[in-house]
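Protein sequence lines correspond, in order, to chains A and B.
Numbered according to my numbering, the first sequence terminates at residue 280, and the numbering increases by one at each position without gaps.
Numbered according to my numbering, the second sequence terminates at residue 560, and the numbering increases by one at each position without gaps.
Backbone N, C-alpha and C define an ideal beta-carbon position, used for all residues, glycine too.
Just so we're clear, the structure is a prediction, and the values are computed from it rather than from any experiment.
Number of protein chains: 2
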Amino acid sequence: MKITIIGVGLIGGSFALALKDKGIAKHVIGVTRSKQSADKAIALGLIDEALPLEEAVSKSDLIYVSIPVDTTIPVMKKVMDLVKGNQIVVDAGSTKAALCSELSGHINRRNFVASHPMWGTEYSGPEAAVHNAFAGRACVICEKEKSDLTAVAEVEDIYKKLGMNLVYMDAKAHDIHAAYVSHISHITSFALANTVLEKEKEEDAIFELAGGGFESTVRLAKSNPAMWAPIFMQNRENVLDVLSEHISQLRKFKSALEKENLNYLYELMENANKIKEIIK
Amino acid sequence: MKITIIGVGLIGGSFALALKDKGIAKHVIGVTRSKQSADKAIALGLIDEALPLEEAVSKSDLIYVSIPVDTTIPVMKKVMDLVKGNQIVVDAGSTKAALCSELSGHINRRNFVASHPMWGTEYSGPEAAVHNAFAGRACVICEKEKSDLTAVAEVEDIYKKLGMNLVYMDAKAHDIHAAYVSHISHITSFALANTVLEKEKEEDAIFELAGGGFESTVRLAKSNPAMWAPIFMQNRENVLDVLSEHISQLRKFKSALEKENLNYLYELMENANKIKEIIK
Chain A
1 MKITIIGVGL IGGSFALALK DKGIAKHVIG VTRSKQSADK AIALGLIDEA
51 LPLEEAVSKS DLIYVSIPVD TTIPVMKKVM DLVKGNQIVV DAGSTKAALC
101 SELSGHINRR NFVASHPMWG TEYSGPEAAV HNAFAGRACV ICEKEKSDLT
151 AVAEVEDIYK KLGMNLVYMD AKAHDIHAAY VSHISHITSF ALANTVLEKE
201 KEEDAIFELA GGGFESTVRL AKSNPAMWAP IFMQNRENVL DVLSEHISQL
251 RKFKSALEKE NLNYLYELME NANKIKEIIK
Chain B
281 MKITIIGVGL IGGSFALALK DKGIAKHVIG VTRSKQSADK AIALGLIDEA
331 LPLEEAVSKS DLIYVSIPVD TTIPVMKKVM DLVKGNQIVV DAGSTKAALC
381 SELSGHINRR NFVASHPMWG TEYSGPEAAV HNAFAGRACV ICEKEKSDLT
431 AVAEVEDIYK KLGMNLVYMD AKAHDIHAAY VSHISHITSF ALANTVLEKE
481 KEEDAIFELA GGGFESTVRL AKSNPAMWAP IFMQNRENVL DVLSEHISQL
531 RKFKSALEKE NLNYLYELME NANKIKEIIK
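Next comes the structure, spelled out in structure tokens:
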């Protein structure tokens, strides 16, 4: 199978490695924003060659788009205008409603499979790509019914070979769930980093004392703003909903402490403990 | 060296394992709240025998107190009244100011070394104890000057053998730093769990979609309220300070999204990225 990956960073680069590791593609073409990225991606063994978008698309059976969600829409429109016959276009974006809506009336809509492999780290760029990235994680496929049957089957087959668990939902439902289980975690982590940086001027003390708990909650604050700002903006209404709820939950802790209400504090924490039943 | 551990849970049990692994103590006595805990701790190989507090203290060179911080103060007073000669008493509490203040005028103050080994997981009880728990982490020793020189040297030697990095500060400074690098992370995590549990009724969707980011930020929400509620209450003022700042940092994200101010959103996230320089 001839595959082009548009955007060879954390996701695209890891996808390229997985394609080769699983024997799905021998030759992977990359489309990158800069020659520098292309050189890096080739040097790291992620792609075999870098080509301009039009040429890459014309040579491929499947085109995988893994770039920030704000640039995904214009790039996808361009790609969708170029595809012919049974070429398959897949995106890997963290938001789905805006893109699916933009492409809903496109003449080649059936060539497109909307997907979100739910894996990531706080790192970005070709250097962030890792082997065996997606195994054991969920991959959401949206609006399956709007895609060509064989295109969907092909994409499902690839994700399954990567070890992913397929989940199906409509684009709006995806964006709501993603706000809860991914986007809010990033905002709290960014805000926690800002809290500590604001209040704690003796940085050596943080460095020396910061234990496992702090590192795990603040890890996501290292994430790339160029990837996450567009996600938050595109999923603005859902993210604002969850963020408002989160602030009100924090205020409950504040109120329990202000009033020295130990019972209420216990109640809040015991309720939170129920997450054990969901996240093993 | 004969050592008694009062409270053989996550910290005390892991400390017991480390003492044996490093050849610091061959025989470890446990003091537990219930016969059930004692039996578990013996069955798990954490302690060799369980004794009542008075008898255990009388037979030991060093008494290690690792129980929730609300019970630490009365138990420590009892232990401090019992010690004689050059017996050493060490606590492992996550708050230091209240305890140090309570014991400041005690006739045996010099027998006491105030410590906080900064390691933990979201699990509790004897079953939560693990080997090699403390290696590479910071251990704070407070008010070193109020402890006997040889007692401090002995405690430092033990923590160093466990692979910990010793940090010295006064008790109030410890509590401020602990609020930033540990206590607030737990509150945000509890609140995040409550947010998701409140808003997301389709629990299967969380279970299926929750990726690495969510798990790492929400992990601490599994922590034991009986351990954490007393910590938050004892360090109430510092925790409230940091919590207020955290809520105001979250409001900045809310405001940036409400106003669709992409530049401000970038600015907030780029500032948060500075945490990279502190947490490698």
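- The stretch 39 to 54 of chain A and the stretch 2 to 15 of chain A touch, with three or more beta-carbon pairs separated by less than 8 Å.
- Taking a contact as a CB-CB distance under 8 Å, the pair B:Asp350 and B:Pro510 counts as one, their CB atoms being some 4 Å apart.
- Shown here for B:Ser427: same chain residues with a beta carbon closer than 7 Å to its own, the five before and five after excluded, namely Arg390, Phe392 and Val393 in chain order.
- The shortest C-alpha to C-alpha distance from A:Leu257 to any of B:Gln514, B:His396 and B:Ser317 is the one to B:Gln514.
- The alpha helix (DSSP H) runs of length 4 or more contained entirely in the stretch 6 to 81 of chain A are, from start to end of the chain, 10 to 21, 35 to 43 and 53 to 58.
- For A:Ile88, the uninterrupted beta strand (DSSP E) run begins and ends at Ile88 to Asp91, by DSSP.
- Annotation for B:Pro406: Val288, Gly289, Gly293, Ser317, Lys320, Ala321, Leu324 and Leu326 place their beta carbon closer than 8 Å to its own, counting only its chain and skipping 5 residues before and after.
- Taking C-beta atoms under 8 Å as the contact rule, B:Phe414 and B:Met449 fail to qualify, at a distance of about 18 Å.
- Per the coordinates, the alpha-carbon of B:Ala298 lies some 37 Å from the alpha-carbon of A:Asn261.
- Distances from the alpha-carbon of B:Lys452 to those of B:Glu382, B:Ala473 and B:Ala377 put B:Ala377 closest.
- When 7 Å is used as the limit between beta carbons, B:Phe512 is near these residues of chain A: Leu257 and Leu265, in chain order.
- At a cut-off of 8 Å, the C-beta of A:Ala272 has a neighbouring C-beta in chain B.
- Of all residues in the stretch 137 to 164 of chain A, those with a C-beta nearer than 9 Å to a C-beta of chain B are Arg137, Ala138 and Val140, reading in chain order.
- With 16 or more other Cβ atoms inside 10 Å of its own Cβ, A:Leu103 counts as buried.
- Listed along chain B are Ala509 and Met513, each with a C-beta nearer than 7 Å to that of A:Leu262.
- Taking all protein chains shown into account, A:Arg137 has 16 or more neighbouring C-beta atoms within 10 Å of its C-beta and is therefore buried.
- Listed by position along chain B, the residues whose Cβ is nearer than 8 Å to that of A:Asn194 are Gln529, Lys532, Leu548, Asn551 and Ala552.
- Here A:Val167 is bridged, per DSSP, to A:Val140.
- Here A:Asp157 is exposed. Its C-beta has fewer than 16 other C-beta atoms within 10 Å.
- In the DSSP assignment, B:Phe533 forms no beta bridge with any residue.
- Within the stretch 71 to 102 of chain A, no residue has its Cβ closer than 9 Å to any Cβ of chain B.
- The Cβ of A:Ala114 sits no closer than 8 Å to any Cβ of chain B.
- Its Cα nearest to that of B:Lys534, the residue A:Phe190 stands out among A:Phe190, A:Gly30, A:Leu99 and A:Ile5.
- For A:Phe232, there is no enclosing beta strand (DSSP E); the enclosing alpha helix (DSSP H) has its first and last residue at Pro225 to Gln234.
- Identification of chain B residues near A:Ser244 by a Cβ-Cβ cut-off of 8 Å yields Lys534, ordered along the chain.
- With the rule of 3 Cβ pairs closer than 8 Å, the stretch 245 to 254 of chain A counts as touching the stretch 455 to 475 of chain B.
- 8 Å or more divides the Cβ of B:Asn366 from the Cβ of B:Thr312.
- Rounded to the nearest angstrom, the gap between the Cα atoms of A:Leu166 and A:Glu143 is 13 Å.
- Secondary structure at B:Val435: helix, using DSSP grouped into helix, strand and coil.
- Residue pairing by DSSP places B:Ile387 in no beta bridge whatsoever.
- Counting of Cβ neighbours within 10 angstroms places B:Ile387 among the exposed residues, the total staying below 16.
- In the three-state DSSP reduction, A:Ile3 falls in the strand class (E or B).
- B:Asn474 counts as buried, since at least 16 other C-beta atoms from the protein chains shown sit within 10 angstroms of its C-beta.
- Per DSSP, reduced to three states, the secondary structure at B:Ser469 is helical.
- Note on geometry: alpha-carbon atoms of A:Leu82 and A:Asp21 lie some 29 Å from one another.
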